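S.K.: Dropping a structure here in C-alpha cells format, bear with me for questions.
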Amino acid sequence: MSENNLPKGVSFVTENGLEALRVETDLCTGLVYRNGAHVAEWTPRGAEPVLWMSGSSEFTDGKAIRGGIPICLPWFGPGRDGNHSPAHGFARISPWTLTSADVSDSGEARLVFVLTGDEVEQLADFPSDFTASYAVTMGSALQLSLTLTAGEQALDFEEALHTYFAVGDAREVRIQGLDGADYLDKVAGDRKSQSGDVTFSQETDRVYESVSTCRIIDKQLGRSIVIEKVGSANTVVWNPWVAKSAAMADFGDDEWTQMCCVETVNALGAAVEVEPGRSHTMAATISID
Ligand code: BG6
Numbered sequence: 001m002s003e004n005n006l007p008k009g010v011s012f013v014t015e016n017g018l019e020a021l022r023v024e025t026d027l028c029t030g031l032v033y034r035n036g037a038h039v040a041e042w043t044p045r046g047a048e049p050v051l052w053m054s055g056s057s058e059f060t061d062g063k064a065i066r067g068g069i070p071i072c073l074p075w076f077g078p079g080r081d082g083n084h085s086p087a088h089g090f091a092r093i094s095p096w097t098l099t100s101a102d103v104s105d106s107g108e109a110r111l112v113f114v115l116t117g118d119e120v121e122q123l124a125d126f127p128s129d130f131t132a133s134y135a136v137t138m139g140s141a142l143q144l145s146l147t148l149t150a151g152e153q154a155l156d157f158e159e160a161l162h163t164y165f166a167v168g169d170a171r172e173v174r175i176q177g178l179d180g181a182d183y184l185d186k187v188a189g190d191r192k193s194q195s196g197d198v199t200f201s202q203e204t205d206r207v208y209e210s211v212s213t214c215r216i217i218d219k220q221l222g223r224s225i226v227i228e229k230v231g232s233a234n235t236v237v238w239n240p241w242v243a244k245s246a247a248m249a250d251f252g253d254d255e256w257t258q259m260c261c262v263e264t265v266n267a268l269g270a271a272v273e274v275e276p277g278r279s280h281t282m283a284a285t286i287s288i289d
C-alpha cells in the first residue's frame, strides 16, 4: 500500500530508523513496525501506555525488537527440539507487508499484514508455501488475530503473541485467571499446578496450559489489563528479574520492575497442525478497566 491509499488516522512513518505505521484516531494512538509486524504501542485516549517497550531495544531490520508484541512463529524459543534458530522463529524479524488499512467512523483502525515464505531468510525446515496474515485492530481495545494458512504442504508450528505489558511495579501486580492450571516451570525445570493468583518474586518463565482470560491487577497504576483469547491453549508468563535482565544486551538492568509478559501461545504439546490448504487462527483481545 502507498501513502495515498491510507485512511485518515493512519500514516507511514520512520521511527527509530525503521518503517512503521502510526495510528492516531479519536480512540487511541499506536505504532506498528513493518519489521515483524511488531505492535510497539497501543494507548487508548486518556490512558497510560498499555504496552511496555525497553529503552535499550535494538531497532534494526532483521533483529528482534524488545517490548511491545513480538510474533513468535513458527517455533517458540528454540523450538520443541531445542535446536531451532533464530530464537522464537523467523516471523518477528521478517519484513511483513501491509495489505489493508481501514479506520471506522468511531476511530477503530484495522491494519492487516501478510508474510509469505518468499520474504523469509531463515526458513530452517519450515515449508515455504505458507501464508501468515495478522490483523491488528486498535481502538478502545486492541484486537490481534494471527492466521496461518498451509500451501501444498501441511504445517506443524508453535506460535505466540509475546505481549509485554507496562506495569507500575512487577513485584506488586497479581495475575488472575490461571488458578488451578498446570504449567511447565522453565526456571525450575519441572511441572507444577498454579494455586491462586500469579505474583512475581523471582525470575518467572512458565508455560501454562490454559485457555482462560487473564487479568493483570495493577494497584499502583490503578488499572487492570484484561487479556481474552481464542484458539490458544497456552498462556506464558515471563519476568526476567535481576540476573537475566542484566544478561540481556537489549534490556535495561532495572527495567524488569516495569513490565511483565502474559503471552497468548500454542507451544510444546499444544503445537498446531494444519492440513494442506487449511488455516488456523489464534486471537487475543486486550482491554483496560
Ligand atoms: C519468553 C520465554 O516467552 O521469552 C523465555 O518463555 C525467553 O524463555 C523470553 O527468555 C525472551 O526471549 P527473547 O528471545 O526475546 O530474549
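Once you know that position 168 of the sequence shown is 168 in this note's numbering, the rest is easy, because the numbers rise by one and skip nothing. Glycine included, C-beta positions come from ideal geometry on N, C-alpha and C. For clarity, every value in this text was computed on a predicted model and none was experimentally measured.
In this structure, how does DSSP classify A247 when only helix, strand and coil are distinguished?
M.R.: Along the sequence shown, read from residue 1 onward, the residue named residue 247 stands at position 247. In the structure shown, A247 sits in a helix (DSSP, three-state: H, G or I).
S.K.: Could you pull out every residue in the same chain whose Cβ sits closer than 8 Å to the Cβ of A170, ignoring the five residues on either side in sequence?
M.R.: Reading the sequence shown from its first residue, position 170 is the one you call residue 170. Same-chain partners within the cutoff: F200, N239, W256, T257, Q258, M259 and C260.
S.K.: Please name the residue, chosen from V50, P49 and G68, that lies closest to A40 on a Cα-to-Cα basis.
M.R.: Stepping through the sequence shown from its first residue, residue 40 is reached at position 40. Ranking V50, P49 and G68 by Cα distance to A40 puts G68 first.
S.K.: With DSSP run on the structure shown, which of helix, strand or coil describes A188?
M.R.: Walking along the sequence shown from the start, residue 188 turns up at place 188. Here A188 sits in coil by DSSP.
S.K.: Could you tell me if P276 is buried or exposed, where buried requires 16 or more neighbouring beta carbons within 10 angstroms of its beta carbon?
M.R.: Taking the first residue of the sequence shown as position 1, residue 276 is located at position 276. Exposed.
S.K.: Return the residue from the list A101, P7, D156 and W42 that minimises the CA-CA distance to A270.
M.R.: The count along the sequence shown starts at 1 and reaches residue 270 at position 270. When each option's Cα is compared against that of A270, the closest is D156.
S.K.: Specify the secondary structure class of W52 as computed by DSSP and reduced to three states.
M.R.: As a working note, residue 52 is residue 52 in the sequence shown. Looking at W52 - three-state DSSP - the assignment turns out to be coil, as it is neither helix nor strand.
S.K.: Tell me whether the beta-carbon of T264 lies closer than 8 Å to the beta-carbon of I288.
M.R.: Counting from 1 along the sequence shown, the entry for residue 264 is found at position 264. Counting from 1 along the sequence shown, the entry for residue 288 is found at position 288. Contact: no.
S.K.: Is there contact here, the stretch 181 to 192 with the stretch 102 to 117, by at least three beta-carbon pairs under 8 Å?
M.R.: Too few Cβ pairs lie closer than 8 Å, so no.
S.K.: To which residues does DSSP link L98 through a beta bridge?
M.R.: Along the sequence shown, one-based indexing puts residue 98 at 98. Looking at the DSSP assignment, L98 forms a beta bridge with F113.
S.K.: Can you find a heavy atom of ligand 1 that lies under 7 Å from the Cβ of A132?
M.R.: Within the sequence shown, residue 132 is the residue found at index 132, counting from 1. Flag unset: Cβ of A132 not near ligand 1.
S.K.: How is the beta strand (DSSP E) around K229 delimited, first residue to last?
M.R.: The count along the sequence shown starts at 1 and reaches residue 229 at position 229. Note, K229: beta strand (DSSP E), R223 to V230.
S.K.: Can you confirm whether the stretch 118 to 132 touches the stretch 146 to 165 when touching is taken to mean that 3 or more C-beta pairs between the two stretches lie within less than 8 Å?
M.R.: Yes, the stretch 146 to 165 is in contact with the stretch 118 to 132.
S.K.: Among A166, D254, E119 and A101, which residue has its Cα nearest to the Cα of W42?
M.R.: As a working mapping, residue 42 is identified with position 42 in the sequence shown. Out of A166, D254, E119 and A101, A166 has the C-alpha closest to the C-alpha of W42.
S.K.: Where are the beta strand (DSSP E) runs, 3 residues long or more, that stay fully inside the stretch 6 to 50, in chain order?
M.R.: The stretch 6 to 50 contains these whole beta strand (DSSP E) runs: 10 to 15, 18 to 24, 28 to 33 and 38 to 44.
S.K.: From the DSSP output, in three-state form, read off E273 for me.
M.R.: Taking the sequence shown and counting its residues from 1, one reaches residue 273 at position 273. E273: strand per DSSP, three-state reduction.
S.K.: Counting Cβ pairs closer than 8 Å, one from the stretch 138 to 145 and one from the stretch 25 to 37, do we hit at least three?
M.R.: Judged by Cβ distances under 8 Å, the stretch 138 to 145 makes contact with the stretch 25 to 37, as three or more pairs qualify.
S.K.: Would you decide whether R45 is buried or exposed? Buried here means 16 or more other CB atoms lie within 10 Å of its CB.
M.R.: Here residue 45 corresponds to residue number 45 of the sequence shown, with the count starting at 1. So R45 counts as exposed.
S.K.: Among A181, L178, V236 and R223, which residue has its Cα nearest to the Cα of R206?
M.R.: As a position in the sequence shown, residue 206 is number 206, starting the count at 1. Comparing Cα positions, the closest option is V236.
S.K.: For N266, which residues of its own chain have a beta-carbon under 7 Å away from its beta-carbon, when the five flanking residues on both sides are left out?
M.R.: Position 266 of the sequence shown, counted from the first residue, corresponds to residue 266. The answer, listed in chain order, is E158, E159, S232, A233, N234, V272 and M282.
S.K.: State the Cα-Cα distance for the pair Q220 and E172, rounded to the nearest angstrom.
M.R.: For this step, residue 220 is matched to residue 220 along the sequence shown. For this step, residue 172 is matched to residue 172 along the sequence shown. The alpha-carbon atoms of Q220 and E172 are separated by roughly 8 Å.
S.K.: Could you compute how far the alpha carbon of S224 sits from the alpha carbon of R80?
M.R.: As a working mapping, residue 224 is identified with position 224 in the sequence shown. As a working mapping, residue 80 is identified with position 80 in the sequence shown. When rounded, the distance between both Cα atoms is 33 Å.
S.K.: Rounded C-beta distance between S85 and G36? I'm assuming under 8 Å.
M.R.: Within the sequence shown, residue 85 is the residue found at index 85, counting from 1. Within the sequence shown, residue 36 is the residue found at index 36, counting from 1. So it is not a contact: roughly 16 Å between Cβ atoms.
S.K.: With respect to 7 Å, is the separation between the Cβ of C261 and the closest non-hydrogen atom of ligand 1 below this value?
M.R.: By one-based count along the sequence shown, residue 261 stands at place 261. Flag set: Cβ of C261 near ligand 1.
S.K.: Any chance the CB of G77 is under 7 Å from a heavy atom of ligand 1?
M.R.: Mapped onto the sequence shown, residue 77 falls at position 77. Yes.
S.K.: Check Q143 in the structure and name its three-state DSSP category.
M.R.: As a first step, residue 143 must be located in the sequence shown, where it is residue number 143. Strand, per DSSP.
S.K.: For E152, name the three-state secondary structure that DSSP assigns.
M.R.: As a first step, residue 152 is located in the sequence shown; it is residue number 152 there, counting from the start. Note: E152 maps to coil in three-state DSSP.
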